[in-house]
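The next block holds one structure in the form of structure tokens; read it before the comments.
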Amino acid sequence: MPPYKKTDRRSSQPRTGASHGAPKGAGSRSPKHRGFRDEAPAAGKKARWTADDRAARGRDTFGTRDNARGGSERGGSAGRTERPNWEPRGKDARRTEREWDNRSRAGRREDDRPRRDYDDRPRRQFDDRADRADRPRRDFDERPRRQFDDRGDRAERPRRDFDRDERPRRQFDRADRPRRDFDRDERPRRSFDDRADRPRRDDDRPRRQFDDRADRAARPRRDLDERPRRQFDDRGDRAERPRRDFDRDERPRRQFDRDERPRRSFDDRAERPRRDSSYYPSRDEKPAFNAQDDVVLERLQADAIQASDVEGVTFGDLGLGGNIVRALAELGAETPFPIQAATIPDVLAGKDVLGRGRTGSGKTIAFGAPLVERLMQLWAEQGKSGGKRQLGRAPRALILAPTRELALQIDRTVQPIARSVGLFTTQIYGGVPQGRQVGALQRGVDIVIGTPGRIEDLIEQGRLDLSEVVVTVLDEADHMCDLGFLEPVQRILRETSEGGQKLLFSATLDKGVAQLVDEFLVDPAVHEVAGEDQASSTIDHRVLVIEHRDKPAIIEQLADREGKTLIFARTRAFAEMLADQLDDAGIPAVSLHGDLNQSRRTRNLAQLTSGRVNVLVATDVAARGIHVDDIDLVIQADAPDEYKTYLHRSGRTGRAGKQGTVVTLIPRQRQRRMGDLLQRAEIEADFVPAIPGDQLITDLALAASAPEASDEV
DNA sequence: AAAAAAT
0 MPPYKKTDRR
10 SSQPRTGASH
20 GAPKGAGSRS
30 PKHRGFRDEA
40 PAAGKKARWT
50 ADDRAARGRD
60 TFGTRDNARG
70 GSERGGSAGR
80 TERPNWEPRG
90 KDARRTEREW
100 DNRSRAGRRE
110 DDRPRRDYDD
120 RPRRQFDDRA
130 DRADRPRRDF
140 DERPRRQFDD
150 RGDRAERPRR
160 DFDRDERPRR
170 QFDRADRPRR
180 DFDRDERPRR
190 SFDDRADRPR
200 RDDDRPRRQF
210 DDRADRAARP
220 RRDLDERPRR
230 QFDDRGDRAE
240 RPRRDFDRDE
250 RPRRQFDRDE
260 RPRRSFDDRA
270 ERPRRDSSYY
280 PSRDEKPAFN
290 AQDDVVLERL
300 QADAIQASDV
310 EGVTFGDLGL
320 GGNIVRALAE
330 LGAETPFPIQ
340 AATIPDVLAG
350 KDVLGRGRTG
360 SGKTIAFGAP
370 LVERLMQLWA
380 EQGKSGGKRQ
390 LGRAPRALIL
400 APTRELALQI
410 DRTVQPIARS
420 VGLFTTQIYG
430 GVPQGRQVGA
440 LQRGVDIVIG
450 TPGRIEDLIE
460 QGRLDLSEVV
470 VTVLDEADHM
480 CDLGFLEPVQ
490 RILRETSEGG
500 QKLLFSATLD
510 KGVAQLVDEF
520 LVDPAVHEVA
530 GEDQASSTID
540 HRVLVIEHRD
550 KPAIIEQLAD
560 REGKTLIFAR
570 TRAFAEMLAD
580 QLDDAGIPAV
590 SLHGDLNQSR
600 RTRNLAQLTS
610 GRVNVLVATD
620 VAARGIHVDD
630 IDLVIQADAP
640 DEYKTYLHRS
650 GRTGRAGKQG
660 TVVTLIPRQR
670 QRRMGDLLQR
680 AEIEADFVPA
690 IPGDQLITDL
700 ALAASAPEAS
710 DEV
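Note that numbering that gives the first Met the number 0 has the first sequence beginning at 0, numbered continuously upward.
In structure tokens form, the structure reads like this:
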């Protein structure tokens, strides 16, 4: 086999030498670049953060990109101290400190943790810091109630009144462990018998002390009722708001045929360019629709399975063996969901399959279970015995996912299924040492589950051989065809066995996958589930039209609730800032984005899963595929640019038939664009003006936890 | 803009 080069047909330039050394942006590991993180020095700086340094960081400004660049550029507040020269500045400074905060959170008791300081709050005197323990407790209750209608005077706002010490203990001693009594739609029980294949704990990090931070979830709710009601003087301009009473029946199906239908004349929007994002290649630049796409469309509709078709059908009926059926039952999948019933027979028949099923509809099992069974069949046909692990045997199946968390999650479902018949899986993704992954490959693995970067890396190193891969799955296949993913994915697919079976799955599978379909799939079967429109969804969609400056306060008010809340931000910096702000406001929150190292990404997600923290602020790294039980509120702090992103983000709630609420915050000038996007997503949502303190916001937050009350909001 | 490989 010739050495693997990351080139493709369009670009003959090998990715070596200068192109590797060239400075890169986000995620770069060079000390010169913003993504650089040096764990040891960061840890060493701990003690150097003085109260004034922390104050210098500033927390008042918020939400604009300029502000995000760091304290030194911000408008000052009284008492600011310049940071010493050796201190990191700008984003690096913020990140360093955030990491520092996280470390201290993980290992310290409440009283040991350094007190945060905020520019928007009265400065504290620190001269008594040495004998904290002896200081009398501050009496928070004497402070005036917080008013939301005078937010302009932030500097004068009092701290909010909550007294940690009076909060009840949680009856919940399970700390970091993921809950296992979840509704087991897709997620398997964890199996502990092959720890070797699982990611290693980050052992250089101090063991967590289980302090009482988690108790903060039970802190008393602020009483918003005392606040004066606002008058909405801007309610009059309804004309600016998009029509919402459009006739659903008139709208064409959102299918593979978008470009073919005539544009609807729908208000004035028809003339506007449809695309919000310049990121995705313009449709107009793409070749015109061809016959192949028509075939896809036709087959897609022809193969829409009705939920009623599945009644009484078992996994065994679909062709899965006894061991696999039992493994599925242990995962909580007793009977097949429609998308599973639709795709399993075709996968077993060796056909290429395109599968489209709503978020949370069970797609992982729809490809995972038949993939395992198919490998066993092929093995039997070749007369080889299953169950015995042949040293160094090359993988025969590959599952590609766009994010590490998703790859990990898929493995948690597929691994127990594979093990039930003696097959082995391993995860191949970046951000963790490759040694264990390589070791697993050397011992012999049947199914590789991973992300493109590390997989290509190991191929280049000659440590991963995909030439015997006869089944390849692309999860979130349409996303894998987006710019930046497509070419690596193509290169990887070309490494697999020629003529191998290909399975493409996504909730938003569309013609964007045509490039892959054309090159790699042969006469694919296309499946979707009938009746999966938004009208049958369990998600309640709201759009709050707000002033940009009110965004933090409104998010705080929305997130101040009992249930699990997932907040999406457009950038890593803003996600981090929001998590910080919520945490500072007494709402425990963690973040998930690409600027965190993998161990923290994993840990922070686990904190939400376990319920140790109820609020996760994430970039779109969490938009697709990630399953966390019982997220009942999704807040989009920044509106998405693409309708698909909206669908995937909102699909983190309302999973497996449960109730969910999605609240999207937009400035007034974005209403038209947002209406457009919702129309494409076939979602109907009320647009409501809102300012901090509105009862409506509190009601929304509460209703998300208590769905039966949601009708009243 | 995010994500996906490290060096």
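Even glycine gets a Cβ: it sits at the ideal position worked out from N, Cα and C.
Environment of residue i [buried if 16+ CB atoms lie within 10 Å]
i      : result
Val528 : buried
Ala379 : exposed
Val521 : exposed
Glu518 : exposed
Ser307 : exposed
Gln694 : exposed
Glu333 : exposed
Pro639 : buried
Leu482 : exposed
Gln606 : buried
Tyr3   : buried
Asp685 : exposed
Pro432 : exposed
Ser535 : exposed
Gly624 : buried
Leu515 : buried
Ser466 : exposed
Pro187 : Legend: pLDDT at Pro187 = 42, less than 50; position of this residue unreliable, no value from coordinates given.
Asp116 : In this prediction, Asp116 has a pLDDT of 37, which is less than 50 and means its spatial position is unreliable; what the coordinates show is noted afterwards. Classification of Asp116: buried, given that the 10 Å Cβ count is 16 or more.
Gly321 : exposed
Leu615 : buried
Glu310 : exposed
Gln678 : buried
Leu632 : buried
Leu492 : buried
Gln381 : exposed
Asn613 : buried
Gln556 : buried
Leu399 : buried
Gln408 : buried
CB-CB length for residue i against residue j, believed under 8 Å
i      : j      : result
Thr507 : Asp477 : 5 Å
Ala617 : Leu565 : 7 Å
Ser590 : Ala578 : 4 Å
Ala348 : Val470 : At roughly 12 Å, the Cβ-Cβ gap does not stay under 8 Å, so Ala348 and Val470 are not in contact.
Lys550 : Ala689 : At roughly 11 Å, the Cβ-Cβ gap does not stay under 8 Å, so Lys550 and Ala689 are not in contact.
Pro335 : Val312 : 6 Å
Pro394 : Ile446 : 6 Å
His713 : Ile338 : The requested residue 713 does not occur in the structure, where the chain is confined to residues 0 to 712.
Gly434 : Cys480 : Actually they do not touch by this definition, with Cβ atoms about 32 Å apart.
Thr495 : Val472 : Rounded, the Cβ-Cβ distance is 11 Å, inconsistent with contact.
Residues sharing a beta bridge with residue i, DSSP
i      : result
Lys550 : DSSP output for Lys550 lists no bridge partner at all.
Lys563 : Ile630
Gly449 : Leu399, Ile427
Phe504 : Gly354, Asp474
Thr495 : Beta-bridge pairing links Thr495 to no other residue.
Arg737 : Lying before the first or after the last residue shown, residue 737 is absent from the chain, which here runs from 0 to 712.
Gln635 : Phe567, Thr663
Ala527 : Note on identity: in this sequence residue 527 is Glu, with Ala being the wrong assignment. Per DSSP, Ala303, Arg355.
Check whether the region 421-428 and the region 438-445 are in contact - that is, three or more C-beta pairs closer than 8 Å.
They touch, by the three-pair rule.
Take every Cβ of the region 494-505, pair it with every Cβ of the region 317-328, and state whether three or more of those distances are shorter than 8 Å.
Because the criterion of three Cβ pairs below 8 Å is not met, the region 494-505 and the region 317-328 do not touch.
I'd like to know if the region 351-358 and the region 457-469 are in contact, where contact means that at least 3 CB-CB pairs between them fall below 8 Å.
Taking 8 Å as the limit for Cβ pairs, the verdict is that the region 457-469 does not touch the region 351-358.
In chain order, which continuous runs of the beta strand (DSSP E) of length 3 or greater are located wholly inside the region 584-625?
Counting only runs of 3+ residues, the beta strand (DSSP E) found wholly inside the region 584-625 occupies 588-591, 614-617, in chain order.
So within the region 323-367, which uninterrupted beta strand (DSSP E) runs reach at least 3 residues, ignoring any that extend past its ends?
Annotation note: the region 323-367 contains the following uninterrupted beta strand (DSSP E) runs of length 3 or greater, listed N- to C-terminal: 352-355.
Taking contact to mean at least 3 C-beta pairs separated by less than 8 Å, is the region 646-657 in contact with the region 580-600?
Judged by Cβ distances under 8 Å, the region 646-657 makes no contact with the region 580-600, as fewer than three pairs qualify.
Is the region 536-551 close to the region 364-376, with three or more CB pairs under 8 Å?
Note that the region 536-551 does not touch the region 364-376; fewer than 3 beta-carbon pairs, one per stretch, sit closer than 8 Å.
Okay, do the region 597-606 and the region 393-407 touch, 3+ Cβ pairs below 8 Å being the bar?
Yes, since at least three Cβ pairs between the region 597-606 and the region 393-407 fall closer than 8 Å, the two stretches touch.
Three or more C-beta pairs closer than 8 Å, one from the region 665-675 and one from the region 696-706: is that the case here?
Between the region 665-675 and the region 696-706 there are fewer than three inter-stretch CB-CB distances shorter than 8 Å, so the stretches are not counted as touching.
For the region 394-434, list the alpha helix (DSSP H) runs that are entirely contained and at least 4 residues long, ordered along the chain.
You should have 403-418.
Kindly provide the ranges of any alpha helix (DSSP H) runs that are 4 or more residues long and lie completely inside the region 638-687, ordered along the chain.
Segments of the alpha helix (DSSP H) lying fully in the region 638-687: 642-649, 670-680.
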